Amino acid sequence: MVDLELLTVDRYKKAKIIVIGCSAGGFTLVFDLIAILPKNFPIPIIVVIHRSRKHKSSIEELLNNKSKVMVKVAGDKDPLKKGTVYFAPSDYHLLVEPNGCLTLDSSEPILYSRPSIDVTFQSVADVYKENVIAILLSGANTDGAEGICYIRERKGFTIVQHPDSAEVKTMPEAAISRCKADLILSNLELFSFMENLGITMNAKA
Numbered sequence: 246m247v248d249l250e251l252l253t254v255d256r257y258k259k260a261k262i263i264v265i266g267c268s269a270g271g272f273t274l275v276f277d278l279i280a281i282l283p284k285n286f287p288i289p290i291i292v293v294i295h296r297s298r299k300h301k302s303s304i305e306e307l308l309n310n311k312s313k314v315m316v317k318v319a320g321d322k323d324p325l326k327k328g329t330v331y332f333a334p335s336d337y338h339l340l341v342e343p344n345g346c347l348t349l350d351s352s353e354p355i356l357y358s359r360p361s362i363d364v365t366f367q368s369v370a371d372v373y374k375e376n377v378i379a380i381l382l383s384g385a386n387t388d389g390a391e392g393i394c395y396i397r398e399r400k401g402f403t404i405v406q407h408p409d410s411a412e413v414k415t416m417p418e419a420a421i422s423r424c425k426a427d428l429i430l431s432n433l434e435l436f437s438f439m440e441n442l443g444i445t446m447n448a449k450a
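Numbers given in the numbering used here equal positions in the sequence shown, counted from 1, plus 245.
Okay, here's the thing in structure tokens:
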């Protein structure tokens with residue numbers, strides 16, 4: 246198993262935001278990863294999951310009952326706050342403005358997806374540049390592959406779920422084929438990464 250603490254501790258210290266993207270097969274893993282984070286986690290997290298506007302989801306309610314960090318659906322003009330997880334709402338692209346506020350956008354779907362992982366990843370990279378940790382998980386299309394490579398080009402830290410651990414391999418395989426991620430992790434390694442991240446980031450704060 247990769248020694249994640251030794252490999253990535255210097256990159257943790259740079260991070261000012263985390264972005265996570267997934268679609269089919271990824272929600273349970275997102276749920277479990279967020280549940281690992283400690284109270285008073287010192288940076289914000291944005292999560293983009295493909296979900297239909299017709300689907301009345303209690304994702305945020307469930308996570309707020311289980312997680313130590315605040316979880317909410319992102320609203321237009323919301324300021325990003327440390328220790329808060331922002332889920333992209335269904336049927337809107339989610340972007341970050343240079344002033345650290347969120348913007349909801351109803352322009353056309355990208356790769357049949359709105360919210361689009363690519364749109365959010367690219368927006369975050371434009372604002373935070375090398376100070377981003379991006380994680381791409383299970384999914385049934387190629388959304389997120391271009392975005393995570395865009396983050397890597399700007400020296401952000403990129404992590405892709407190992408396709409063999411993904412419930413649906415299409416999304417992680419597309420990312421791996423397009424560019425070299427900093428880490429390609431099994432589910433167990435992802436849990437270890439998030440645990441180390443929580444400890445290191447809280448120590449930094």
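Note that beta-carbon positions come from the ideal geometry of N, C-alpha and C, so glycine has one too.
Keep in mind that this is a model prediction, so the values were computed, not measured.
Over what stretch of residues does the alpha helix (DSSP H) that includes ILE396 continue unbroken?
Unbroken alpha helix (DSSP H) run through ILE396: 390-398.
List the endpoints of the continuous beta strand (DSSP E) containing VAL293.
Where VAL293 is concerned, the enclosing beta strand (DSSP E) stretches over 290-294.
Using the C-alpha atoms, what's the distance from ASP321 back to ASN432?
About 33 Å.
Closest residue to GLY266 among ASP323, GLY443, GLU391 and ARG423 (Cα-Cα distance)
Each of ASP323, GLY443, GLU391 and ARG423 was checked against the Cα of GLY266, and the nearest Cα belongs to GLU391.
Roughly how many angstroms separate the alpha carbons of TYR270 and LEU356, rounded to a whole number?
According to the sequence shown, residue 270 is Gly rather than Tyr. About 18 Å.
Determine, using beta carbons only, whether ARG399 and LYS374 come nearer to each other than 8 Å.
Yes, these two residues count as a Cβ contact at 8 Å.
If you draw a straight line from the alpha carbon of PHE438 to that of PRO343, how long is it in whole angstroms?
Take the alpha-carbon of PHE438 and the one of PRO343: they are about 28 Å apart.
Can you tell me the Cβ-Cβ gap for ILE378 and ALA420, rounded? I've got them flagged as a contact below 8 Å.
Their Cβ separation, rounded to whole angstroms, is 15 Å, which puts ILE378 and ALA420 out of contact at 8 Å.
Would you identify the three-state DSSP class for GLY266, choosing helix, strand or coil?
GLY266 sits in a strand when the DSSP states are folded into three classes.
Note down the Cα distance separating PHE286 from ILE279, rounded to an integer number of angstroms.
Rounded to the nearest angstrom, the gap between the Cα atoms of PHE286 and ILE279 is 11 Å.
Give me, in chain order, the residues of the same chain whose beta-carbon lies closer than 6 Å to that of LEU325; leave out the 5 immediate sequence neighbours on both sides.
Spatial neighbours of LEU325 in its own chain (CB-CB distance under 6 Å, excluding positions within 5 residues in sequence) are listed in chain order as PRO289 and GLY345.
From the DSSP output, which residues share a beta bridge with ILE429?
ILE429 is bridged to VAL405.
Quick check: the Cα distance between ASP388 and ALA319, rounded to an integer number of angstroms?
Our two residues, ASP388 and ALA319, have alpha carbons roughly 20 Å apart in a direct line.
Bridge-paired residues (DSSP) for SER358:
Residue pairing by DSSP places SER358 opposite ILE355 in a beta bridge.
For MET446, which residues from the same chain have a beta carbon less than 8 Å from its beta carbon, with the 5 sequence-adjacent residues on both sides left out?
Cβ within range, chain order: TYR257, ALA260, PHE286, PRO287 and ILE288.
Could you pull the start and end residues of the beta strand (DSSP E) that VAL413 belongs to?
From DSSP, VAL413 is part of no beta strand (DSSP E); its letter is neither H nor E.
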